[in-house]
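S.K.:
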DNA sequence: GTGTTTGCAAAGTGTTTGCAATTTA
DNA sequence: TAAATTGCAAACACTTTGCAAACAC
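Protein chains in written order, with the working numbering: chain P, 1 to 137; chain S, 1001 to 1137.
1) Could you tell me the boundaries of the beta strand (DSSP E) in which residue 1091 (chain S) lies?
2) Considering only heavy atoms of the ligand FMN, does any lie closer than 6 Å to the CB of residue 1080 (chain S)?
3) Which term fits residue 1070 (chain S), buried or exposed, when burial requires 16 or more other beta carbons within 10 angstroms of its beta carbon?
4) To the nearest angstrom, report how far apart residue 121 (chain P) and residue 73 (chain P) are at their CA atoms.
5) Going by DSSP in three states, residue 7 (chain P) sits in which element: helix, strand or coil?
6) For residue 113 (chain P), go through chain S and note every residue whose CB falls closer than 8 Å to its CB, in chain order.
7) Between the beta-carbon of residue 109 (chain P) and the beta-carbon of residue 92 (chain P), is there less than 7 Å?
8) Can you give, in chain order, each stretch of the beta strand (DSSP E) that sits fully within the stretch 57 to 137 of chain P and has at least 3 residues?
9) Tell me the DSSP bridge mates of residue 1036 (chain S)?
10) Leaving aside the five residues before and after residue 126 (chain P) along the sequence, list all residues of the same chain whose C-beta is less than 7 Å from its C-beta, in chain order.
11) In chain order, what residues of the same chain have a beta carbon less than 6 Å from the beta carbon of residue 43 (chain P), not counting five sequence neighbours either side?
12) Alpha carbon to alpha carbon, how far is residue 1141 (chain S) from residue 86 (chain P)?
13) Closer than 7 Å, CB to CB, is residue 1040 (chain S) near chain P or not?
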């Protein structure tokens, strides 16, 4: 977890001014434990919390937070971007029917034998996504 | 590898008429070994091969082939869809700078300890993507 | 002939951008 | 007050859709 109190210093360290919008979005993101949000979800939450923020600013903020390593972007759906408040290396369940994303807890997935990267490249990340269908087999 | 010769029967089995466009696209896809294409790439290839196909038909065909299990869709980039002619379970390197996708050969990645799926769900697939940055560390 | 498929152009969706007005330091 | 940030609307890239013409069986 990344307490909201750390956010202010993190923003400063990244040269991001702690504006009303950024602080409010940070509060929504980091006050409730680990979360997976899309821009649209976060914008809707801000609206219901009576925070006036444009969708464009939500997009900007999500990307700035990602650059500041407060968030991690997760690619599971070619039509939407997800952002994860848990930036530690870990993996995901993706519920295909509902579009929900969930962390796979702890070390429940282990990738053994990671291959060495092709010459001239470096491994940025190793991501495991387990796609799930709702309903039993 | 899935020889082109099997395609015709596969199409019939899926209730897809072997039209000029579908056969030509199948030839492009399956005659050259394992491939990773986007709709735009395949359309461009068809154009240079003097095959008259609209982009809309390329999209339709890619989805129909995917439904017929001749292709597998790979999600690595939230702005483009990739299709893989290798439908066997396997994993991928993704070259973030160039947008290229490559199979990780054989058993060079092993996911040990796949967690059991949450109640009421079935595992559809386990996908590993190793994201690569070009240039050495 | 009948139902399927195609191609086009228009519509759709999620995301980004240009720029004037506003806010922060 | 200088520089950063916001909000809006327009622009964007990729993908899907509606429908008449062309095609497969």
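Where is the CB? At the ideal position from N, CA and C, for every residue including glycine. Please read all numbers here as calculations on a predicted model, not as lab measurements.
M.R.: Based on what the coordinates show:
1) 1091 to 1095
2) Absence of the ligand FMN from the depicted structure is noted, as is the absence of any ligand whatsoever, leaving it without description.
3) buried
4) 21 Å
5) helix
6) 1107, 1108, 1109 and 1110
7) no
8) 72 to 77, 80 to 84, 91 to 95, 100 to 104, 110 to 112 and 121 to 134
9) S:1084
10) 111 and 114
11) 55 and 58
12) The structure shown does not extend to residue 1141 (chain S), since chain S spans only 1001 to 1137, so no value can be given for it.
13) no
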